[in-house]
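All remarks here apply to the structure that follows.
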Amino acid sequence: MRAVVLALTVALVASQQINLVPEFAAGKTYVYKYEGLLLGGLPQEGLGKAGVKVSSKVLIRAEASTTFLLKLQDPQLFEYAGIWPQDSFSPAAKLLAALNAQLQIPIKFEYASGVVGKIYAPAGVSATVLNLYRGILNILQLNLKNTQNVYEMHEAGTHGVCKAHYMISEDAKTNQIVVRKSKDFTHCHERVIKDIGLAYAEKCAECQQRLQSLTGTATHTYIMKPSDAGAVVAEATVEELHQFSLFNTITGAAQMKATQTLTLLEVQNTAIAPIGGDYAARGSLKYEFATEILQTPIQLLKINNAEAQIVEVLNHLATNDMDVIHEDAPLKFLQLVQLLRVATFENIQTIWDQYKTKPVHRRWILDAAPVAGTSVALRFIEEKFNAGEFTTAEFTQALLVGLHMATADQGAIQHIARLALSPKIKAIQAVREVVMLGYGSMVARHCAEDPSCSPDLLKPIHDLAAEAISKADISEVTLAVKALGNAGHPASLKPIMKILPGFGAAAANMPMKVQLDAILALRNIAKKEPKIVQPVALQLFMDRTLHPEVRMVACIALFETKPSVALMSTVAGAMDKEPSMEVASFAYSHIKSLTRSMSPDLMNVAAAANVAIRMLCPKMDRLSYLSSTALHLDLYVSPVMVGAAGSAFIINDAATILPRAVVAKTRAYLAGAAADVLEVGVRTEGLQEALKRTPAGDENADRMTKIKHTLRALMNWKALPATQPLASIYVKLFGQEIAFANIDKTFIEQIIDQAAQTAKPRARELMKEAVKALQDGIAFQYTKPLLAAEIRRIIPTAVGVPIELGFYTAAVAAAAVNVKADITPRLPEQLETVSLDQLKNSDFQVKAEARPSAAIHTFAVIGVNTALIQAAVMAKGKVHTAVPGKVAVRADLPKGNFKVEVLPAATPDHVAAVSFETLAVARNIEDLPAERVASLAPAVPVGAESWIPASIQKTLCGTVPYFHVKGCVEVASRHAGFMGYNPLYYLVGQHKARISVARGDGPALERLEFEVHVGANAAEKLARQYSAESENQEENIILMKLREILEAGLKNKNSSSSSSRSSRSSRSSRSSQSSSISSSRSSSSSSRSSSSQMFRGNDTYGPFQKFHKDQYLTSNARSSSASSIETLQRKAKLGWGPECQDYSATVKAEAGVIESNPAARFEVAWDKLPSLLTRAAMHAQRVATEYIPLLKAARLAGFSLDKAENNKDKEVAFIIALPTQKSVNIIVRAPKMTLSKMNVAVPVAVPLKKMDAFQLLRIWTSVAPFRT
């Protein structure tokens, strides 16, 4: 009986439990109202934003038990660019009409227990439209549990598999179930994301522990109504937020906010009919990347005929960027690159055949095709080289760029592997090195996207290394090791270990240089798998039988693995009995420099180093600064997530004057990522060995004597041995070695012989052609474009539309040069008959005009980017410069006269223009003329106030005295600073500055001259010449004073000519005498001329300078400066305004001693400053107080901050003293406060001793209160 009661109770409870499985009953059509909105910009209202909106009715009907149909009814598309929320959305009618056929096609999807499975659609539905369907279906993804109300799980969605947090509650009054689901997109695996241009950047997890540059979250809220078979989704709301900031998020960050609403309108009995044709499986909810990868977010191109459009852009660039670069040339270059990315091989082939004989077009193609980075572009480069249509230089440049820009997929890697084995490539060593290093880099980029990449990708290099080791082919082993180092794959550790001493038998047959290259190749492997590199590097370092240089390089590799406290202590413990002073000095300095590291990724290493340094003997701190040294300096500002680091490794040998090796590296931190920007290494091992056999190797000689012997030995390079390299150098960019060279005697001889062989057969012909060309005139034009940065991150959103973070920098530089020579008497056609005497008796005059110009565009974008529609906020910066110059050079060899004239050149309207603006942009491919562009800064309201005027437009002009040249600076700015004190508000808007140069109001400038006379009586000739050329009284006055100075010198020279040729005076040891004069000449319409001249004569009686000016600045705004010189003191005063009386400031620098310690002081004092500067200083102080607490920041940095009411109100002083060779005291005195820090360690010993001979200056009284 009890069993019966229990069974009935369980059945009753079960009957009362609500079934939470979402239900779409068979035979019913559920009609929902759907709206999806994606909007981007700064979070504050009242600023510009951009976005898209999709609205439609959504019909869902069951086709089978787990298969459903979804159809859109009356879809609408809108775009937005304007001030939010005042402006309204605009319908994208033409785009909707183009997509309407696809939007009317129903799709099918699997759905069971609230989980969306496979999605089916006809081939006529594009990936872009299908992603919109995925956005709707993502709302229906509900993993509901009947037994738990709060739980977490990993759930699949459009973003990948991410952690989801569920909370379920029941509203008894309304008989509704409320489900809340939230996701954190920073905790996902199988995350759907696409990075371009970030393969060489390292993720710095420690940098984002406190602040993250990119965050993403989503919250879903469902209202469900229970039914007999399950629960019906009555209403669903989704809010998704992606936030990005390069710097501190306290001041604001760019946001992309997506919202979705799905509301049940009615349930119908009307069926949904699928279209005829096959429904193919098209994946799951996971977002599918479409053509947005080929579409740059900064411009939207409608590509109907790629070949014709490429030709159009190519002709535009070749025509409009010949003499002076057009300001929009970088944008056109990006457009050419984008078109080449969608072009077929046949398209590029046809264009090349058409323009390869036109130099300007040819250069543009060769510069743009590698940047496209497609497999088609790589094939084009290879085939044209094999066909002999590229020169070696063109091919090397194109290949170097193409390998690093190409998409690193399996096909591209196999293509490069075949290229590396090509006989034609093998025949050119320099090209083969580029291919092999690029092959390793491409594998590294591929594995950065796919960490589980197969080691088989490196099989060609592993096979090459094994063969080269067996044959003891040193050059091939070196090349293979460097390629493996670029790849940085853990599978390459064993091949590398074969040539390491103590690990492989082949190491005995390898020179030390190869062993060092192998150790350095371990560093990229250590970034991925530090644990497998640590034992290898540690064993090499601890082996005292190895050469000290090998051990020091092993120390570099070991510390790259970020050793633990235990490992660092092991290294420190081994130093106590270290026999090599060089190794001890290197390791100690390396550990000590790491103790001061502020970089987040070295935080644990710094802590370990601080423990290890206490175990070491203090006497190591007194090692000579000439010993082997490792330096590491870094700075990281956590609130803004920005930092920089620099490392230098100097490996010395006490027996020689030059370091054996020097390695320098720079590292940067930004937005939670880190990268080794540049590394350069130089070794001089072979040169050291060669110098040991010369007097430079005398160990008993002093340092200066060694330097002299070394220089003599280098000059006599032919006597050096040819059996070993003299030196080697390598260069790395972003952790990837891009070039290296081994320099030996044979290398030098080959270069000299090749140059001689090239010139010798045609030396006279080349000379004849060059002289004839100069006489006829040479016109030369060169243009070089560059895509300096292309960094993109594409992220899907809940709406099914991707957002993109993009950063682009493109530049185009050009130089147009015209040169013509006049030779009197004119040289004969038969140049072989010309003698040296004829050349000596000729008068050469060369006129050259150059027009260098450059344009740079930088874009930072966040927003929607697809091949159909773009809606984004953008920061755009432009720089455009064009500075022409014209010069004439004359050499009258018979008279010993040389003259240089700077002539007026036609200047453009603006020699430099800089602009920066922030915009909201919306456009679609079907209606590009209707593009909407709005500034992020709203109109300035009446009465708005800010410390900098919200709108500025000023022009400042000035005239350069004596030269009659007028310069103007035009400044225009409009920002949103009136909205608050957020620094970003002052950045938002439009800011422009332009510089123009033109002739002034005075007489027109004719030329600037610089003339030199050499030989006997040079000064007398110069005075006589200018006396004859003098045209007015002012010039005669100058010449009279000039003669007074010269006649005394000439008499002195005539009376003591013999002594002037003796060697008792350094001034009288000159082999020739010379005099020079500089002048500027101008003339007006009335033919009156004026000049200003500076004369300088070098004769046996010493140098003389005199400056005469014939005009003074008459403007009301003047500037003046004065300087006074005292012992160990420099002082300058700057004043401006009428008669220099309105404002003034004094800058003073002093050097002295504090208790016999070297010291220096730098001081700035002022009487009165412009109100703009004082207001800016007050605002800066207020911002600093609000965002950066000074007292806390000072204490964190170890500084003492004290109030000092007695400090001068209008003076700032910076004082530094050196109590020891490895420490400094720092004192900063400012109005009302004094900042100080004593005994600040410096990374190297400063080679200064106590300077009792220095006079004690007033610096003593300034620092008396802080003496210890």
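Going by mature numbering (1 follows the signal peptide of the UniProt record, and there is no 0), the letters in the sequence shown line up with residues -15 to -1, 1 to 1253, in that order. Built from N, CA and C at the ideal position, the CB exists for glycine as well.
By the criterion of a C-beta distance shorter than 6 Å, glutamate 1148 is surrounded in its chain by Lys1133 and Ala1198, once the five residues flanking it on both sides are discounted. Taking 8 Å as the cut-off, the beta carbon of alanine 774 is found closer than this to the beta carbon of phenylalanine 792. Contact check for glutamate 224 against threonine 204 passes: the beta carbons are separated by less than 8 Å. Separation of the CB atoms of methionine 1218 and lysine 1188 is rounded to 6 Å, and the pair is thereby assigned contact status at 8 Å. Rounded to whole angstroms, glutamine 323 and lysine 757 show a C-alpha spacing of 43 Å.
Taking a cut-off of 8 Å for Cβ pairs, the segment 309 to 323 and the segment 822 to 841 touch, as three or more such pairs fall below it. For the options Ala66, Asp213, Tyr19 and Leu199, the alpha carbon positioned closest to that of asparagine 123 is the one of Tyr19. By alpha-carbon distance to glycine 102, the top candidate from Leu127, Asp394 and Gly489 is Leu127.
Taking a 10 Å sphere around the C-beta of lysine 717, we find 16 or more other C-beta atoms and assign the residue as buried.
When rounded, the separation of the alpha-carbon atoms in alanine 86 and asparagine 4 is 39 Å. Under the 8 Å Cβ criterion, the segment 270 to 280 does not count as touching the segment 69 to 86, having fewer than three qualifying pairs.
Beta-bridge pairing by DSSP links methionine 138 to Ala149.
Secondary structure of phenylalanine 1199 (DSSP, three-state): strand. In this structure lysine 479 does not touch alanine 506 by the C-beta definition: roughly 13 Å separates them, more than the 8 Å allowed.
The residue from Pro436, His532, Ala490 and Glu563 with its alpha-carbon nearest to that of isoleucine 510 is Pro436. Nearest to leucine 643 by alpha-carbon distance, out of Arg668, Gly631, Ala633 and Leu888, is Arg668. In the structure shown, histidine 949 falls within a coil segment according to DSSP collapsed to helix, strand and coil. When rounded, the separation of the alpha-carbon atoms in valine 885 and isoleucine 288 is 53 Å. In the structure shown, glycine 791 adopts extended strand secondary structure according to DSSP, grouped into three states. Within the segment 341 to 405, complete alpha helix (DSSP H) segments of at least 4 residues are found at 344 to 357, 360 to 371, 377 to 390 and 395 to 405, given in chain order.
Relative to the Cα of leucine 125, the nearest Cα in the group Asn134, Tyr136 and Gly142 belongs to Gly142. In the DSSP assignment, serine 900 falls outside any alpha helix (DSSP H) and lies within the beta strand (DSSP E) extending over 897 to 909. Sorting Ala646, Ala658 and Ala653 by C-alpha distance to the C-alpha of glycine 666 places Ala646 at the top. Excluding sequence positions up to five before and after glycine 487, its CB lies within less than 8 Å of the CB of Gln524, Leu525, Asp528 and Leu531, all in the same chain and listed in chain order.
As a beta-bridge residue in DSSP terms, tyrosine 654 pairs with Gly628 and Ala659. If you compare the alpha carbons of Ser154, Met553, Glu220 and Glu292 with that of valine 327, the shortest gap goes to Glu292. Excluding five sequence positions before and after valine 356, the CB atoms of its chain that fall closer than 7 Å to its own CB belong to Val322, Val386, Met390 and Leu772, given in chain order. A contact between stretches requires three or more CB pairs, one per stretch, nearer than 8 Å, and the segment 160 to 176 meets this requirement with the segment 133 to 151. The alpha-carbon separation between glutamine 320 and valine 296 amounts to approximately 12 Å. The three-state reading of DSSP puts glycine 102 in strand, counting E and B together.
Taking all protein chains shown into account, proline 60 has 16 or more neighbouring C-beta atoms within 10 Å of its C-beta and is therefore buried. In the structure shown, cysteine 540 adopts helical secondary structure according to DSSP, grouped into three states. Here the alpha carbons of valine 899 and leucine 1186 stand approximately 40 Å from one another. When rounded, the separation of the alpha-carbon atoms in lysine 271 and valine 177 is 7 Å. Using a C-beta cut-off of 8 Å, the segment 261 to 269 makes contact with the segment 88 to 108, since at least three inter-stretch Cβ pairs fall below that distance. If you draw a straight line from the Cα of tyrosine 207 to the Cα of tyrosine 966, it is about 40 Å long.
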